[in-house]
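Notes follow once the structure below has been shown.
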Amino acid sequence: MMLPCQAPVPDATLLDYWARDGVDGEAIDRVEEHLFACGACSARLEQIVALGSGLTALVRQGRVSGIVSRAILNRLQRDGAHVRMFWLAPGETVPCAVFPGDDVIVTALRADFSGVESVTLSVTGPDDSPLSRYEDVPVSGARGEVLWATPAAVVQQMPSMRLELTLTSAGVAPTELGRYVLEHSASTSS
Ligand SMILES: [Zn+2]
-16 MMLPCQAPVP
-6 DATLLDYWAR
4 DGVDGEAIDR
14 VEEHLFACGA
24 CSARLEQIVA
34 LGSGLTALVR
44 QGRVSGIVSR
54 AILNRLQRDG
64 AHVRMFWLAP
74 GETVPCAVFP
84 GDDVIVTALR
94 ADFSGVESVT
104 LSVTGPDDSP
114 LSRYEDVPVS
124 GARGEVLWAT
134 PAAVVQQMPS
144 MRLELTLTSA
154 GVAPTELGRY
164 VLEHSASTSS
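For the sequence shown, our numbering assigns the number -16 to the initial residue and increments by one for each residue that follows.
See the structure below:
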């Protein structure tokens, strides 16, 4: 039986450790030391490695969706997945469309996350109809970002519409951090 871990290495750290992005030498040593002694976290890392080698394949199958980390995004781009990015600052409205050959659409939401540890992303469609909601998304820093991935095949099916995205800080006193609009145009060729 595997002993439960008292101080699990967070998933995001394991992912970054695996992708070797944004991790300094000291942090790598700490993770390695922990993994050496901890079967539970080693098993989780193995799952991530198993996912990683098939990550681009998963994306092409439309199975990568939701919030993704910067390490995963970098890895996808390095592995040759066709990632179409849309960057939005608070208050911005950006036209968005999907093109043949795209694998995944990633909407990057910038905001000032100073003093904020995690946020809620809610996405609404026409008439404020709720489309998606993601809670406890970890963020860091004044120049952070939240990366929201949607398979291109899903976006291709969407009619032209206006999507409103809202980031709110999680916790006892939620504060709105940013509101963004994607003006989606349906693909003309089909
Ligand atoms: Zn552990």
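From the three backbone atoms N, C-alpha and C, an ideal C-beta is built for every residue, glycine too.
None of these values were measured; they are calculated from a predicted model.
1. Between the stretch 122 to 140 and the stretch 39 to 51, can you find at least three pairs of beta-carbon atoms closer than 8 Å?
2. Contact check, residue 57 vs residue 2 under 8 Å by CB: the rounded distance?
3. Relative to the alpha-carbon of residue 196, which residue among 79, 114, 110, 42 has its alpha-carbon at the smallest distance?
4. To which residues of the same chain is residue 64 closer than 6 Å at the C-beta, ignoring the five residues directly before and after it?
5. Would you mind sorting residue 102 into buried or exposed? The rule is 16 or more other CB atoms within 10 Å of its CB.
6. My guess is that residue 168 and residue 80 are in contact by the Cβ rule of under 8 Å, so how many angstroms apart are they, rounded?
7. Hey, how far is the Cα of residue 116 from the Cα of residue 66?
8. Using C-beta distances below 7 Å, list every residue in its chain close to residue 161, excluding the 5 sequence neighbours before and after it, in chain order.
Inspection of the coordinates gives the following:
1. yes
2. In the sequence shown, counting from the first residue as 1, residue 57 sits at position 74. In the sequence shown, counting from the first residue as 1, residue 2 sits at position 19. Sure, about 6 Å apart at Cβ, within 8 Å.
3. Residue 196 falls outside the range modelled here, since the chain spans only -16 to 173, and no answer is possible.
4. Against the sequence shown, residue 64 aligns to sequence position 81. Sequence-distant partners of residue 64 (beyond 5 residues in either direction) whose C-beta falls short of 6 Å from its own C-beta, in its chain, are 39, 42, 86.
5. Numbered from its first residue, the sequence shown carries residue 102 at position 119. Classification for residue 102: buried.
6. If you number the sequence shown from 1, residue 168 lands on position 185. If you number the sequence shown from 1, residue 80 lands on position 97. Rounded, the Cβ-Cβ distance is 5 Å, consistent with contact.
7. Taking the first residue of the sequence shown as 1, we reach residue 116 at position 133. Taking the first residue of the sequence shown as 1, we reach residue 66 at position 83. C-alpha separation (whole angstroms): 22 Å.
8. Along the sequence shown, one-based indexing puts residue 161 at 178. Counting only Cβ-Cβ distances below 7 Å, and skipping sequence neighbours, we find 73, 92, 94, 150.
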